[in-house]
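Residue numbers (the numbering used here): 193 to 473.
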Amino acid sequence: MKGVVSNYFSINRMPTGRALYALKEMHKVASQRGLEDVEAATEVAVEQGNRAVRVEFSYEQSRADNSDARGKAVELDNRLDAQIGAIQSLVAARKVGDEDDPVVKAARRVLEVVFPRGVAPIIHQSFEVQLGIMKVMLETFDGDLASEVELLGIEREVQRMGQLVEAFEEELATAEANVTTFDEVREARELLHEYVAIVVGQVIAAYPSLDETATRERESLLAPLNDQQERVAADYRRRRRVTDVDPDTGEELQEDDEPIIDDAPPIDAELDEDSEVVTDA
């Protein structure tokens, strides 16, 4: 990300709930003090925090939907494998007979066109590749091999295969539709981190002095953020997984309640063990 503001501050990356809770508390104080610039900055940051929460939730839902759809696709794939194997076995059985028997000729043609190397090359493929192969098979059964299918008496098996292929394609489409990627989650979190940095900059600008009054006011306004920063740093010092909080109440979330994103580290930044947002001399 170009032009990042956070490079100028020592701010640890936090779970979304912690950042959002701190921003909401700071907004209350800024509003009470009539600090319009700080108030406006926190409002923008809170809006981004809410967006990050929605993206994280959407990501978790996408993972759940994808897993569920793939689970159904596995079941359909197994049924399709069995159905294709059954068709090949029925056709192979009808190949036995006299050379001039029309049924024997039909069976040999189907085996040559559809199963030249047997069933394995069809069913031992990725879902998407297998789907493409099966759709071509159905087109061939309904087209060039329509008379052979009728002569062999496998219309019922081919029809059932068609129904399974249709359901299989729908499940694969469901797994890919409306997917929220982790890149989107990372981007939303990174933007939130930058808006937090902008808020800190506005707080410093509101109290641009090192005298006792300005220092006290500045630190009290930053207290909610510094508190969450300290909690994050403490988890890292103890090499514990960084936990999150309810963004409205600040209540620590139990592990089962946390919006977990398993395939990425919870926070991807280096931490200063005792860092705070602002340290006055």
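Beta carbons: idealized from backbone N, C-alpha and C, even for Gly. In this text, all values refer to a predicted model and were calculated from it rather than measured experimentally.
Roughly how far, in whole angstroms, is the beta-carbon of residue i from the beta-carbon of residue j, given that I think they are within contact range, below 8 Å?
| i | j | result |
| --- | --- | --- |
| Gly226 | Pro439 | That pair is no contact at about 25 Å. |
| Arg301 | Glu340 | 6 Å |
| Arg286 | Ala299 | 4 Å |
| Ile346 | Val288 | That pair is no contact at about 16 Å. |
| Thr208 | Val238 | With a Cβ gap of about 11 Å, Thr208 and Val238 do not count as contacting. |
Count the other CB atoms, across all protein chains shown, that sit within 10 Å of the CB of residue i; report buried if there are 16 or more and exposed otherwise.
| i | result |
| --- | --- |
| Tyr200 | exposed |
| Gln322 | buried |
| Asp460 | Since pLDDT at Asp460 reaches only 37, below the 50 mark, its modelled position is unreliable, and the value read off the structure follows with that caveat. So Asp460 counts as exposed. |
| Glu349 | buried |
| Asp290 | exposed |
| His385 | buried |
| Leu215 | buried |
| Pro416 | buried |
| Val247 | buried |
| Asp448 | Note that Asp448 has pLDDT 49, beneath the 50 cutoff, so the model's placement of it is unreliable and the number below is only indicative. Asp448 should be labelled exposed. |
| Val221 | buried |
| Ala338 | exposed |
Quick check on this structure: which residue in the options has the alpha carbon closest to the alpha carbon of residue i?
| i | options | result |
| --- | --- | --- |
| Ser250 | Arg431, Ser281, Val221 and Arg378 | Arg378 |
| Leu413 | Val424, Val196 and Thr234 | Thr234 |
| Gly354 | Ala214, Gly442 and Gln275 | Gln275 |
| Thr293 | Gly324, Leu343 and Ile396 | A quick correction: the sequence has Asp, not Thr, at residue 293. Of the listed residues, the one whose Cα sits closest to Asp293 is Leu343. |
| Gln421 | Val266, Ala389 and Arg210 | Arg210 |
| Gln280 | Glu304, Ala397 and Thr372 | Glu304 |
| Val266 | Ser223, Ala222, Gln317 and Phe374 | Gln317 |
| Asp419 | Ile396, Ala397 and Glu444 | Glu444 |
| Val196 | Pro207, Gly393 and Val311 | Gly393 |
| Arg352 | Glu404, Arg271 and Arg431 | Arg271 |
CB residue i to CB residue j, shorter than 9 Å?
| i | j | result |
| --- | --- | --- |
| Phe360 | Met326 | yes |
| Asp427 | Val434 | yes |
| Ile315 | Asp375 | no |
| Ala380 | Arg243 | yes |
| Met206 | Val391 | no |
Which same chain residues end up closer than 7 Å to residue i when comparing Cβ atoms and leaving out the 5 residues on each side of it in sequence?
| i | result |
| --- | --- |
| Arg255 | none |
| Phe319 | Ala265, Asp269 and Leu364 |
| Val395 | Val230, Arg410, Leu413 and Leu414 |
| Val236 | Tyr387 |
| Val311 | Ile276, Gly277 and Gln280 |
| Glu228 | none |
By Cβ distance below 8 Å, which residues in the same chain neighbour residue i in space, the five residues on each side in sequence not counted?
| i | result |
| --- | --- |
| Leu268 | Leu356, Ala359, Phe360 and Glu363 |
| Thr372 | Val247, Ser250, Tyr251, Gln253 and Ser254 |
| Tyr213 | Pro416, Gln420, Val437, Asp438, Pro439, Asp440, Thr441 and Gly442 |
| Thr332 | Val305 and Val306 |
| Val296 | Arg286, Lys287, Val288, Gly289 and Asp290 |
| Ser223 | Glu231 |
| Pro400 | Ala406 |
| Asp403 | none |
Within its chain, find whatever has a CB closer than 6 Å to the CB of residue i; leave out the 5 residues flanking it on each side and keep chain order.
| i | result |
| --- | --- |
| Ser198 | His385, Glu386 and Ala389 |
| Phe307 | Gln280 |
| Asp336 | none |
| Pro313 | none |
Step through the CB atoms of chain D and report whether any lies within less than 9 Å of the CB of residue i.
| i | result |
| --- | --- |
| Phe201 | Of the protein chains in this structure there is only one, and it is not chain D. |
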